[in-house]
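Here's the structure we're looking at; comments come further down.
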Amino acid sequence: AQRVTQPEKLLSVFKGAPVELKCNYSYSGSPELFWYVQYSRQRLQLLLRHISRESIKGFTADLNKGETSFHLKKPFAQEEDSAMYYCALSASSGSARQLTFGSGTQLTVLP
Amino acid sequence: GAGVSQSPSNKVTEKGKDVELRCDPISGHTALYWYRQRLGQGLEFLIYFQGNSAPDKSGLPSDRFSAERTGESVSTLTIQRTQQEDSAVYLCASSIQVEQFFGPGTRLTVL
Numbered sequence: 018a019q020r021v022t023q024p025e026k027l028l029s030v031f032k033g034a035p036v037e038l039k040c041n042y043s044y045s046g047s048p049e050l051f052w053y054v055q056y057s058r059q060r061l062q063l064l065l066r067h068i069s070r071e072s073i074k075g076f077t078a079d080l081n082k083g084e085t086s087f088h089l090k091k092p093f094a095q096e097e098d099s100a101m102y103y104c105a106l107s108a109s110s111g112s113a114r115q116l117t118f119g120s121g122t123q124l125t126v127l128p
Numbered sequence: 079g080a081g082v083s084q085s086p087s088n089k090v091t092e093k094g095k096d097v098e099l100r101c102d103p104i105s106g107h108t109a110l111y112w113y114r115q116r117l118g119q120g121l122e123f124l125i126y127f128q129g130n131s132a133p134d135k136s137g138l139p140s141d142r143f144s145a146e147r148t149g150e151s152v153s154t155l156t157i158q159r160t161q162q163e164d165s166a167v168y169l170c171a172s173s174i175q176v177e178q179f180f181g182p183g184t185r186l187t188v189l
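Protein sequences appear in the order of chains A and B. In my numbering, each residue carries its 1-based index in the first sequence increased by 17. In my numbering, each residue carries its 1-based index in the second sequence increased by 78.
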């Protein structure tokens, strides 16, 4: 069975500071990893997926298979980044399958 | 076009009553998912429909929970004899490939 762990429930940083949201996973196969974000009063939406290797809103995440991690990073946090962030894993790449979510990290960027 | 919609947005019911939650996916999306989000916890997978295949019901927590989907359209999640621990936000998502598009959720409160 797969599992996603986000060790920090709450994370606060000051505007302009670097931010890293941690995500570790356990899965015996080759997973596909995602970060979803939920801004206040908005729907959960996809932020980025490891397979596309994109930088979205200044965020990047690298899949480290050795450490089974997929940490989300941004060099200079902005106040509008304040949101709930979920790391998620799909046990099958390239097709629609159910996601296993972590418990989420609430990021607050202070002015 | 419209995104995923869910109704009702809020539902308050008494313990022991049955409730029915509705999800309208994005037109053309073959996959539909139901998740549950309890307060302070991550999203918990409930059930997944893919086209005409048999649904993946592996996440349903008990036989009080059931879901139906007509073709590639509307889905209903039914909870019979509700219990207080069923109180949560129930999220629906749809997809055509890997990225899932989420609805606004239904907040269920069981008194």
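C-beta atoms are modelled at their ideal positions from N, C-alpha and C, and glycine is treated no differently.
{"Asked": "Candidates K26(A), G121(A), P48(A): closest to Q19(A) by CA position", "Found": "P48(A)"}
{"Asked": "Among L106(A), Q115(A), Y102(A), L50(A), the one whose alpha carbon lies nearest that of L28(A)", "Found": "Y102(A)"}
{"Asked": "Under 9 Å from the C-beta of D134(B): neighbouring residues of chain C", "Found": "Looking at the structure shown, chain C is missing, and the protein chains on hand are A and B."}
{"Asked": "Residue range of the unbroken beta strand (DSSP E) whose run includes Y103(A)", "Found": "100–107"}
{"Asked": "Strand pairing of Y42(A), partner residues [DSSP]", "Found": "V21(A)"}
{"Asked": "4 or more residues per run - each alpha helix (DSSP H) lying fully within the stretch 129–174 of chain B", "Found": "none"}
{"Asked": "Assigned exposure category for V36(A) - 16 Cβ within 10 Å defines buried", "Found": "buried"}
{"Asked": "Inter-residue Cα distance where the pair is L186(B) and Q59(A)", "Found": "18 Å"}
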